[in-house]
Each structure stands twice: as C-alpha cells, then as structure tokens.
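Heads up, the thing below is written out as structure tokens.
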Amino acid sequence: MQFGANISFHILFPTISIALGWFLLFFKIQFNRTGLEYWQEAYQFWVKIFALTFALGVVSGITMSFQFG
C-alpha cells in the first residue's frame, strides 16, 4: 500500500517536468523570435517551478528505489 502511494506521488512529477520542458522551449523560442519581454518573464517564472518539480521527482524516485529493495 505504501509503495502504491509512493508510485502515485512520484508519477506526477516526471509528467509535469516533461510537459513544462516543452512549454519552456516554446517560451524561449517565442522570445528569440519576437524579442518581447513577457516571453522571457514567463520563461523565468516557469523555470523555477520546473526546477522544483524536477527536484521533487528525483527525491520521490530515490525513495522508490529503496522500496524496491
């Protein structure tokens, strides 16, 4: 039961990280194409959330590896 809860908790973070990676790429490309500052601001805001979700995914993945045995 604990392993199922950990898997359910863990799967959220890699999927959010993958999706945010594509959004960050889009924001960066739009900033480079248009030069509008709000694309850069959006990128800087979401990159912090990306780093947080990536770190939480790593931490929950490490605990999952201990549960494997």
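First residue of the sequence shown: 992, per the numbering used here; consecutive thereafter.
Where is the CB? At the ideal position from N, CA and C, for every residue including glycine.
Checklist entry - From 995, 1048, 1038, pick the residue whose C-alpha is nearest to that of residue 1016; which is it? => result Checked all of 995, 1048, 1038; the closest Cα to residue 1016 is 1038.
Checklist entry - If we ignore side chains and look at the alpha-carbon of each, how far apart do residue 1048 and residue 1008 end up? => result Straight-line Cα distance between these residues: approximately 8 angstroms.
Checklist entry - Does DSSP put residue 1052 in a helix, a strand or coil? => result Correct three-state label for residue 1052: helix.
Checklist entry - Which residues bound the alpha helix (DSSP H) around residue 1003? => result Segment 993–1025, the alpha helix (DSSP H) holding residue 1003.
Item to check | Beta-carbon proximity check, residue 1051 vs residue 1004, cutoff 8 angstroms | outcome: Yes, the Cβ-Cβ distance between residue 1051 and residue 1004 is below 8 angstroms.
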